[in-house]
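One structure is given below, encoded as structure tokens.
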Amino acid sequence: LKKTGLLHQRNFYSDLDFLYDYFNYFFLLEVRAFYASLGEIKKRIATLREIYDIIAELDALQAVASYRESLPGYTEPDLSGNGAAYIAATDIRHPLLEDPVANSITIDKQGVLITGSNMSGKSTFLRTLGVNAIFAQTIYTCTASSYRAGFFRVVTSISREDNLAAGKSFYYQEAERLLKLIRAAEQVGETPAFCIIDELLSGTNYTERLAASEAILNYLARKNALVIIATHDLDLAERLQGLYRCCHFTDQVGRDGLSFDYKLKEGISSTRNAIKLLAYLNYPEEIVEQANQKAGEAGRKQ
Numbered sequence: 131l132k133k134t135g136l137l138h139q140r141n142f143y144s145d146l147d148f149l150y151d152y153f154n155y156f157f158l159l160e161v162r163a164f165y166a167s168l169g170e171i172k173k174r175i176a177t178l179r180e181i182y183d184i185i186a187e188l189d190a191l192q193a194v195a196s197y198r199e200s201l202p203g204y205t206e207p208d209l210s211g212n213g214a215a216y217i218a219a220t221d222i223r224h225p226l227l228e229d230p231v232a233n234s235i236t237i238d239k240q241g242v243l244i245t246g247s248n249m250s251g252k253s254t255f256l257r258t259l260g261v262n263a264i265f266a267q268t269i270y271t272c273t274a275s276s277y278r279a280g281f282f283r284v285v286t287s288i289s290r291e292d293n294l295a296a297g298k299s300f301y302y303q304e305a306e307r308l309l310k311l312i313r314a315a316e317q318v319g320e321t322p323a324f325c326i327i328d329e330l331l332s333g334t335n336y337t338e339r340l341a342a343s344e345a346i347l348n349y350l351a352r353k354n355a356l357v358i359i360a361t362h363d364l365d366l367a368e369r370l371q372g373l374y375r376c377c378h379f380t381d382q383v384g385r386d387g388l389s390f391d392y393k394l395k396e397g398i399s400s401t402r403n404a405i406k407l408l409a410y411l412n413y414p415e416e417i418v419e420q421a422n423q424k425a426g427e428a429g430r431k432q
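Mapping the sequence shown onto the working numbering, position 301 (from 1) lands on 431, and the numbers just tick up by one.
Below is the structure:
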């Protein structure tokens, strides 16, 4: 380096940097340049905002186009802006499942109450409808063959848990969430609420749960809302089958255990699998036999 003079050249530029720093501190070059640039920005603020909006829109459109490209199939929704509360979806699917089962459904002011066995697809179907309703109104994309609907405020009571920090039990959290949902449905003149409820008041005893659930669903049926509910309570479905359209998912028991087709069917579910699941998980035979016996006795009493 000494022979080539590169060392001296490097020191020379280092000395210049040192002098520039002093020059900058003395004359406040960077500060003055900053305030000068602010003045230029203020002069062109409208143009800069327009450029910013264009870039943001292009970025959003690119993201939507990329997402659409990743889907095996999608449709652009037919949305009605006249305040009508309805959904008519054909072959609607959950966008996150690798091999989803498609279902078709029409929901109007009557509302829909879904019963079915454990793991049969009730909760996934509720999420499918909620996600697609939001997608339709935001990115104009639905994972379905066709999707016609009005505009909604989507409100849900699906994933709930207790809150130890706030001192709120599971049931209290449920009740709070349902009240927010009810308040949304009470807003007359606003965009209808799309109320999606998975297992009403499951954190309390059967008698009060059934009574309160029936009262809540009777109330929501008269409000500015589109309502869909999933429940294990067959008695609730029996009580409300004139007010709500009843559908169900079911399961089959074979040599290999339980199997599900995840297809939505009309009517109230006639199958139960809670005890079957215990047997499938290899619970002690004594427990399974006694559970079946008690369930049979309860059914005969009813």
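Even glycine gets a Cβ: it sits at the ideal position worked out from N, Cα and C.
By the CB criterion at 9 Å, residue 267 and residue 282 fall inside the cutoff. For residue 159, the enclosing alpha helix (DSSP H) stretches over residues 159 to 173. With three or more CB-CB distances shorter than 8 Å, the stretch 245 to 254 counts as touching the stretch 386 to 399. Secondary structure note for residue 346: its alpha helix (DSSP H) is the uninterrupted segment 336 to 350. Per the DSSP secondary-structure output, residue 276 pairs in a beta bridge with 220. Residue pairing by DSSP leaves residue 313 without any beta bridge partner.
Between the alpha carbons of residue 232 and residue 251 lies a distance of about 11 Å.
Shown here for residue 371: not one same chain residue has a beta carbon closer than 6 Å to its own, the five before and five after excluded. Secondary structure at residue 389: strand, using DSSP grouped into helix, strand and coil. Nearest neighbour of residue 242 by Cα position, chosen from 306, 227, 334 and 350, turns out to be 350.
Bounds of the alpha helix (DSSP H) holding residue 253 are 252 to 268. DSSP places residue 300 within a helical segment (H, G or I) once states are collapsed to three. Two segments are said to touch when three or more pairs of C-beta atoms, one from each, lie closer than 8 Å; by this definition the stretch 257 to 275 touches the stretch 213 to 227.
In summary, residue 339 is buried, with 16 or more beta-carbon neighbours lying within 10 Å of its beta-carbon over all protein chains present. In the DSSP assignment, residue 396 forms a beta bridge with 377. In the structure shown, residue 417 adopts helical secondary structure according to DSSP, grouped into three states. In this chain, the alpha helix (DSSP H) harbouring residue 367 covers 364 to 370. If you compare the alpha carbons of 326, 308, 365 and 179 with that of residue 337, the shortest gap goes to 365.
Within the DSSP bridge table, the entry for residue 287 names 327 as partners. The alpha-carbon separation between residue 415 and residue 409 amounts to approximately 7 Å. Taking a contact to require three or more Cβ pairs closer than 8 Å, the stretch 191 to 211 and the stretch 317 to 337 do not qualify as touching. Nearest C-alpha to residue 262 among 375, 170, 152 and 217: 217.
Of the candidates 354, 219 and 329, the residue whose Cα lies closest to the Cα of residue 319 is 354. Burial check for residue 165: the Cβ neighbour count within 10 Å stays below 16, so the residue is exposed.
With respect to residue 286, residue 311 sits close: the two C-beta atoms are nearer than 9 Å. Beta-bridge analysis with DSSP links residue 208 to 278.
Cα atoms of residue 403 and residue 205: separation of roughly 36 Å, rounded to the nearest angstrom. When only Cα atoms are considered, residue 308 and residue 377 end up about 22 Å apart.
Straight through space, the alpha carbons of residue 411 and residue 388 are spaced by roughly 11 Å. Distance from the CA of residue 239 to the CA of residue 343, rounded to the nearest whole angstrom, comes to 18 Å. Residue range 355 to 360 is occupied by the beta strand (DSSP E) that includes residue 356.
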